[in-house]
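Undergrad: Have a look at the structure that comes next, please.
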Amino acid sequence: MSRTEVSIPMPEGAARAYVFTPDQGEGPWPAAVMFMDAPAIRPALFKMGERLASHGYYVLLPDMFWRLGPYEPIDLAAVFADEAVRREVFGRMTGSTNPQKAVADMAEFFAWLDRQPQAKADKIGVTGYCMGGGLALRAAGNFPDRVVAAGAFHGGNLATDAPDSPHLLAPKIKAKVLVAGGDQDATFDDAQSERLAKAMNDAGVDAEVTIYRGALHGYAPTDMPVHNPEAAERHWRELIALFDSKLK
0 MSRTEVSIPM PEGAARAYVF TPDQGEGPWP AAVMFMDAPA IRPALFKMGE RLASHGYYVL
60 LPDMFWRLGP YEPIDLAAVF ADEAVRREVF GRMTGSTNPQ KAVADMAEFF AWLDRQPQAK
120 ADKIGVTGYC MGGGLALRAA GNFPDRVVAA GAFHGGNLAT DAPDSPHLLA PKIKAKVLVA
180 GGDQDATFDD AQSERLAKAM NDAGVDAEVT IYRGALHGYA PTDMPVHNPE AAERHWRELI
240 ALFDSKLK
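In structure tokens form, the structure reads like this:
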């Protein structure tokens, strides 16, 4: 697959992002946005972007921590080996954004996609992992006329008591939604899963909310200590079926 680093103009500067396109043909291809997890931009996410593109999609992987400026990929082994280091690194990086900033960024990302001749961006599919799961739901809720398919995998804090919890956006969502949480995940337990499913059902959203039993938070990326090959492959099957049903 082709991978290209791009710079997307933002009101506060420029956001780094990566584009992945299929090897065959010249497009245009249906547009998909992949929202990263907390460990940020790194080779494992490039592999995921390439795999999604191989199914016939124009994939945009934006760096949601772009306000930090350039940074080196996180050494996951070192970070996960020391809880204090993990808290410091992830706290610093995730602290560079928030839901309001992320939604503002999405508007710029979607406008940028509109200007790309290889992308068919009138309808967009979004997928997200870990913190990106919540971003995928926020994209669906804040841009209901653009986002037609949304996948959230091992996402956290999707249905909390917070006044800006993603599940509260359900009445605005028009997309088809797939949420697949991680097992034994304190940030998205059975209670949150049930609350999210009820919110989607009450709002009439075409949604499936489930937990992949036996797969822990972080099951999809291959470089995560808890990577679960079986769950990761299931996620790919279900994500591609979701996108194909709404974008092709």
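Quick note, the sequence shown lines up with residues 0 to 247 if you use numbering that gives the first Met the number 0. The C-beta atom is built at its ideal place from N, Cα and C for all residues, glycine as well. These figures come from a predicted structure and were not determined experimentally.
Any idea what DSSP makes of Lys-46, helix, strand or coil?
TA: Counted from its first residue, the sequence shown places residue 46 at position 47. If DSSP states are grouped into helix, strand and coil, Lys-46 belongs with the helices.
Undergrad: For Gly-213, which residues in the same chain have their Cβ closer than 6 Å to its Cβ, ignoring the five residues on either side in sequence?
TA: Here the question's residue 213 lines up with position 214 in the sequence shown. The residues are Asp-182.
Undergrad: Count the other CB atoms, across all protein chains shown, that sit within 10 Å of the CB of Arg-145; report buried if there are 16 or more and exposed otherwise.
TA: Working through the sequence shown from its first residue, we reach residue 145 at position 146. Arg-145 is buried by the Cβ-count criterion.
Undergrad: In chain order, what residues of the same chain lie with their CB nearer than 6 Å to the CB of Gly-140, ignoring the 5 residues before and after it?
TA: For the purposes of this step, residue 140 is taken as the residue at position 141 of the sequence shown. Counting only Cβ-Cβ distances below 6 Å, and skipping sequence neighbours, we find Leu-168, Lys-171, Ile-172.
Undergrad: Can you say whether Glu-49 is buried or exposed, counting buried as having 16 or more other CB atoms within 10 angstroms of its CB?
TA: Reading the sequence shown from its first residue, position 50 is the one you call residue 49. The residue is buried, with at least 16 neighbouring Cβ atoms inside 10 Å.
Undergrad: For the alpha helix (DSSP H) holding Val-204, just list the boundary residues, first then last.
TA: As a first step, residue 204 is located in the sequence shown; it is residue number 205 there, counting from the start. Where Val-204 is concerned, there is no enclosing alpha helix (DSSP H), given that its DSSP letter is neither H nor E.
Undergrad: Using CA coordinates, which residue listed in Gln-23, Met-47, Ile-210, Thr-221 is at the minimum distance from Phe-34?
TA: For this step, residue 34 is matched to residue 35 along the sequence shown. Cα-wise, what sits closest to Phe-34 is Met-47.
Undergrad: Please report the distance separating the alpha-carbon of Leu-60 from that of Ala-240.
TA: Counted from its first residue, the sequence shown places residue 60 at position 61. Counted from its first residue, the sequence shown places residue 240 at position 241. About 20 Å.
Undergrad: Can you give the Cα-Cα distance for Ala-101 and Glu-25, rounded to whole angstroms?
TA: Taking the first residue of the sequence shown as 1, we reach residue 101 at position 102. Taking the first residue of the sequence shown as 1, we reach residue 25 at position 26. About 30 Å.
Undergrad: Just the C-alpha distance for Ala-77 and Asp-201, rounded to the nearest angstrom, thanks.
TA: Numbered from 1 along the sequence shown, position 78 holds the residue referred to as residue 77. Numbered from 1 along the sequence shown, position 202 holds the residue referred to as residue 201. Each residue's Cα considered, the two are about 44 Å apart.
Undergrad: Can you tell me where the beta strand (DSSP E) holding Asp-182 begins and where it ends?
TA: As a first step, residue 182 must be located in the sequence shown, where it is residue number 183. Looking at the DSSP string, the run of the beta strand (DSSP E) that includes Asp-182 is 175–182.
Undergrad: Please determine, among Met-223, Tyr-17, His-226, Gly-217, the residue with the shortest C-alpha to C-alpha distance to Met-129.
TA: In the sequence shown, the residue the question calls residue 129 occupies position 130. Inspection of the sequence shows that residue 129 is occupied by Cys rather than by Met. When only C-alpha atoms are compared, the closest one is Gly-217.
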